[in-house]
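Line by line, the protein sequences give chains W, Z, A, C, S and L.
Numbering-wise, the first sequence is residues 1 to 149 according to this note's numbering.
Numbering-wise, the second sequence is residues 150 to 298 according to this note's numbering.
Numbering-wise, the third sequence is residues 299 to 447 according to this note's numbering.
Numbering-wise, the fourth sequence is residues 448 to 596 according to this note's numbering.
Numbering-wise, the fifth sequence is residues 597 to 745 according to this note's numbering.
Numbering-wise, the sixth sequence is residues 746 to 894 according to this note's numbering.
There are 6 protein chains.
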Amino acid sequence: MLQIKRNRIGLNAILLASTEAEEENKLYRQLRESGYIFCSGKVGSMDTHKIVAAIETAAKRNEVVDGSLYREVHALYHSSIEAVQGMTRGQAQIGELLRTVGLRFAVLRGKPFQNPEEGEWIAVALYGTIGAPIKGFEHETVGLGINHI
Amino acid sequence: MLQIKRNRIGLNAILLASTEAEEENKLYRQLRESGYIFCSGKVGSMDTHKIVAAIETAAKRNEVVDGSLYREVHALYHSSIEAVQGMTRGQAQIGELLRTVGLRFAVLRGKPFQNPEEGEWIAVALYGTIGAPIKGFEHETVGLGINHI
Amino acid sequence: MLQIKRNRIGLNAILLASTEAEEENKLYRQLRESGYIFCSGKVGSMDTHKIVAAIETAAKRNEVVDGSLYREVHALYHSSIEAVQGMTRGQAQIGELLRTVGLRFAVLRGKPFQNPEEGEWIAVALYGTIGAPIKGFEHETVGLGINHI
Amino acid sequence: MLQIKRNRIGLNAILLASTEAEEENKLYRQLRESGYIFCSGKVGSMDTHKIVAAIETAAKRNEVVDGSLYREVHALYHSSIEAVQGMTRGQAQIGELLRTVGLRFAVLRGKPFQNPEEGEWIAVALYGTIGAPIKGFEHETVGLGINHI
Amino acid sequence: MLQIKRNRIGLNAILLASTEAEEENKLYRQLRESGYIFCSGKVGSMDTHKIVAAIETAAKRNEVVDGSLYREVHALYHSSIEAVQGMTRGQAQIGELLRTVGLRFAVLRGKPFQNPEEGEWIAVALYGTIGAPIKGFEHETVGLGINHI
Amino acid sequence: MLQIKRNRIGLNAILLASTEAEEENKLYRQLRESGYIFCSGKVGSMDTHKIVAAIETAAKRNEVVDGSLYREVHALYHSSIEAVQGMTRGQAQIGELLRTVGLRFAVLRGKPFQNPEEGEWIAVALYGTIGAPIKGFEHETVGLGINHI
Ligand SMILES: [Mg+2]
Ligand SMILES: [Mg+2]
Ligand SMILES: [Mg+2]
Ligand SMILES: [Mg+2]
Ligand SMILES: [Mg+2]
Ligand SMILES: [Mg+2]
């Protein structure tokens, strides 16, 4: 297991999005000890909005963001869209371009900067496969979005 | 140290792009044992073309691609551009949008599919920071491009 | 009430798209006195094409464009698409990116240039809110497209 | 009839996509004599994915690509997406932007480079009309994507 | 003079960016009375980064943002980029596409939401002309970006 | 020689941009007999704006557009940008993405619609190669933009 770096919120989000089940517990402990609030999940879809919705639902339910405050939802939203743009590389479209994705996502919230006034930031990572709607006809893809919250 | 998964060319490229110096040797050995040809390097720039050039130069010099064949250079090129698109999330521009990047890149070549006829594929990963041209005013960013070669 | 500038077709379109009901009559009079043909309306949607259609329908019905001539419909169409691009800032997608809009639109046709040979131009303005499909979880957005007609 | 240039895979694809029925037989013969494997067809749609699917189905059925190999399907896919990007000029959306297309497509596979090690390449061309969903309210459009295969 | 609406941070930013010198004082007073911190300025350029820099410099100098905190600079930066995307409609490029702009910009910081926990937001507006590098060969353009800060 | 179709302004522009010197005279005669005003030329560059400028300069010098009227220059400009978008497929950048182009361009002005009220339209076509700045490491590319004028 990589010893995580406390201040690398983005890389830690990618690790969480790409870690296999058996290694998750160790990673969870390290993230908690590093002061992160986080959640992760799976989503497979041909619709971009379902990926954004899955991330938002998980982040609200796990209290990574306060779903009653638009400023928190707005911060998460733009992180998610940036992650989707990285994952789709050019056009934020999946099924409309005849491709499908199978992804794990992770959302981390924490304080990656030394100056305490820099406050909290949020990272959304996507890791999985993108490709034709035929099993195995797909390659990996990654996306990461980071925002102040 | 994460035990790498042999068939995850993209995740392995991200690992190589994000691994600290002290852990590199172990990762190198695992990648070699898994049959990958690879290289990595650093590039900081406000010009997209310098990032693409740094990747291409390293990949040719380390014989990850055959620089005398356009089809290999073409495969690498489109992987690099997809990685840049993921890293920039929306507009493949750096200095023109008044931002700068400090990146590590990795190029992996190998056979990630079980069917031997699927042949070789190439992955380009970028990991580092993007932000204002002021030290510390930056956050992490990631990009990944994968292509058949 | 701002005294409108006759030759600012774009700013006048934004004014018309953002003016409250009580001030509309004064603005209408000023626009008519300045020689503009115009219309305005409301549209709320998660589909980009419904916004483009609402603009086109209103502009035809109010004879801002001649719906029997493709060159006029083409001029209006590209103005509308440019306004949508400004309103969406990056990806011309609404519901697919899990957002919704509540907009007022305005279409102005007139002669904003002193040289009479520059002929007629058309401006499409959008003003309203964009955000999550939750009431109040939204911020303002603006778009403007201008074309010769 | 233009005498085709053997090494211009892209221009030949555009010729095939834009040739009228009566001239097709002469073109077919020339393309075969030049060593190309190819197919062509028609597609009209407001959905980008239906265009990509029509190309893929025709290319598999006519054995221009081996549909059992992802690397071949991947090469064709990226050629098709590049052709769609050229045809749509900016946003790879059709109906969502309230426009429709009537296209002929062509897929050519061959060896356009003198060096035999450059191997096979694939070209996808689109030619037809794009415009409002009203007959005659449309203008021509072209797209071309080329990839190593 | 339009009586400004206190909670319309975006429209107020556009007003400030498009108001003529003689009307500025009245608008300044209204904005101050509404609790906004703001600044405005002019920039003409063929380089996107000079526009972003002009906005950032003015916002720091006028203490609309705290230039020593990355989270504030990051919030302003993304607002500026969204405004640039709206102003350029599709490609965030000016001189590279052989066009030039003459713009007024405005930055407003305030509390546009009734719920005090929604805190402060920032709006960047651009208004001016875009066109060929020939005097008078240009039309109006607008851009607006809004972010939590 | 293909007998050109009088009403296919876009395809005729592509033909003119892709025709070899020895066949040009025949094509010129056909285009003139079909009532087109046109010009063509060559441009090789890593800068998008040089391509747009080469087209504009040729079109003005050959009186395909009236360079003293912004509405004509505006119509040509948007046709050129659409052709560039088709030629670059996704990002209207050349050298910044470490690629270079060698193109022939053509500009045609005529009346492609039967209804005389549809008036004049303009087509800009680009045909040539795009690739690495190494001779032979390039493939073909095409772009087409059409506008009312
Ligand atoms: Mg950022
Ligand atoms: Mg791919
Ligand atoms: Mg324009
Ligand atoms: Mg290519
Ligand atoms: Mg927003
Ligand atoms: Mg058009």
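Idealized CB from N, CA, C, for every residue including glycine.
Note that the structure is predicted; figures quoted are calculated from it, not measured.
Would residue i be called buried (16 or more neighbouring beta carbons within 10 Å of its own) or exposed?
i             : result
residue 295/Z : buried
residue 258/Z : buried
residue 455/C : buried
residue 313/A : buried
residue 645/S : buried
residue 459/C : buried
residue 242/Z : buried
residue 779/L : buried
residue 353/A : buried
residue 732/S : exposed
residue 468/C : exposed
residue 248/Z : buried
residue 538/C : buried
residue 29/W  : exposed
residue 536/C : buried
residue 261/Z : buried
residue 597/S : Because residue 597/S carries a pLDDT of 47, less than 50, the predicted location of this residue cannot be relied on, and the following value inherits that uncertainty. Result: exposed.
Would you mind telling me which residues of chain W sit closer than 9 Å to residue i, beta carbon to beta carbon, in chain order?
i             : result
residue 158/Z : 139 and 140
Could you name the residues of chain A that residue i contacts, counting a contact when the two beta carbons are closer than 7 Å?
i             : result
residue 540/C : 390
residue 863/L : 367, 368 and 369
residue 53/W  : 396
residue 602/S : Going along chain A, no residue has its Cβ under 7 Å from residue 602/S, so there is no contact; the nearest lies around 13 Å.
Less than 7 Å separating the Cβ of residue i from some heavy atom of ligand 4?
i             : result
residue 600/S : no
residue 569/C : no
residue 593/C : yes
Please list, in chain order, the chain A residues whose beta carbon lies closer than 9 Å to that of residue i.
i             : result
residue 692/S : By Cβ distance, chain A contributes nothing, its closest Cβ being about 18 Å from residue 692/S, past 9 Å.
Would you grab the beta carbon distance between residue i and residue j for me? Rounded to a whole angstrom, and I think it's under 8 Å.
i             : j             : result
residue 486/C : residue 509/C : 4 Å
residue 863/L : residue 874/L : Rounded, the Cβ-Cβ distance is 35 Å, inconsistent with contact.
residue 370/A : residue 447/A : 6 Å
residue 339/A : residue 356/A : 5 Å
residue 869/L : residue 852/L : 5 Å
residue 647/S : residue 675/S : The Cβ separation is near 13 Å, so there is no contact.
residue 317/A : residue 385/A : Actually they do not touch by this definition, with Cβ atoms about 18 Å apart.
residue 550/C : residue 524/C : In fact, because the Cβ distance is near 17 Å, the residues do not count as touching under 8 Å.
residue 364/A : residue 543/C : With 8 Å as the limit, residue 364/A and residue 543/C do not qualify as a contact, their Cβ atoms being about 26 Å apart.
Taking 7 Å as the cut-off, is the beta-carbon of residue i closer than that to any non-hydrogen atom of ligand 5?
i             : result
residue 432/A : no
residue 521/C : no
Can you list the residues of chain C that residue i reaches, using a CB-CB cut of under 9 Å?
i             : result
residue 262/Z : 517 and 518
residue 44/W  : Near residue 44/W there are no residues of chain C at all, since even the closest Cβ is about 17 Å away, more than 9 Å.
What residues of chain S sit near residue i, judged by a beta carbon separation below 9 Å?
i             : result
residue 281/Z : 652, 666, 669, 670 and 673
residue 247/A : Limits of chain A in this structure are 299 at one end and 447 at the other, which puts residue 247/A out of reach.
Are there any heavy atoms of ligand 8 lying less than 7 Å away from the beta-carbon of residue i, as far as the coordinates show?
i             : result
residue 288/Z : Absence of ligand 8 from the depicted structure is noted, with ligand 1, ligand 2, ligand 3, ligand 4, ligand 5 and ligand 6 being the only ligands included.
Which residues in chain S have a C-beta closer than 8 Å to the C-beta of residue i? List them in chain order.
i             : result
residue 893/L : Neighbours of residue 893/L on chain S: none; closest Cβ ~16 Å, over 8 Å.
residue 285/Z : 666
residue 407/A : Going along chain S, no residue has its Cβ under 8 Å from residue 407/A, so there is no contact; the nearest lies around 14 Å.
Below 7 Å on C-beta distance, what does residue i contact in chain W?
i             : result
residue 495/C : 96 and 97
Whose Cβ in chain Z lies nearer than 8 Å to the Cβ of residue i?
i             : result
residue 847/L : Correct list: empty, because the minimum Cβ distance to chain Z is about 15 Å.
Please compile the residues from chain Z whose C-beta is within a distance smaller than 7 Å of the C-beta of residue i.
i            : result
residue 18/W : 160
Just to make sure I have the definition right: I need the residues of chain C whose C-beta is within less than 7 Å of the C-beta of residue i. Which are they?
i             : result
residue 145/W : Ordered by position in chain C, no residue passes the 7 Å Cβ test against residue 145/W, which lies about 21 Å from the chain.
Ligand 3 heavy atoms versus the CB of residue i: any closer than 7 Å?
i             : result
residue 823/L : yes
Give the interface partners of residue i over in chain S, defined as CB-CB distance under 7 Å, in chain order.
i             : result
residue 312/A : 610 and 738
For a cutoff of 8 Å on Cβ pairs, would you count residue i as touching chain B?
i             : result
residue 831/L : The structure shown contains no chain B; its protein chains are W, Z, A, C, S and L.
Anything in chain L within Cβ reach of residue i, meaning under 9 Å, just list it in chain order.
i             : result
residue 479/C : Going along chain L, no residue has its Cβ under 9 Å from residue 479/C, so there is no contact; the nearest lies around 19 Å.
**Study point:** chain C contacts from the segment 216–233 of chain Z (Cβ-Cβ distance under 9 Å)
**Key:** 217, 218, 219, 220, 221, 223, 224 and 227
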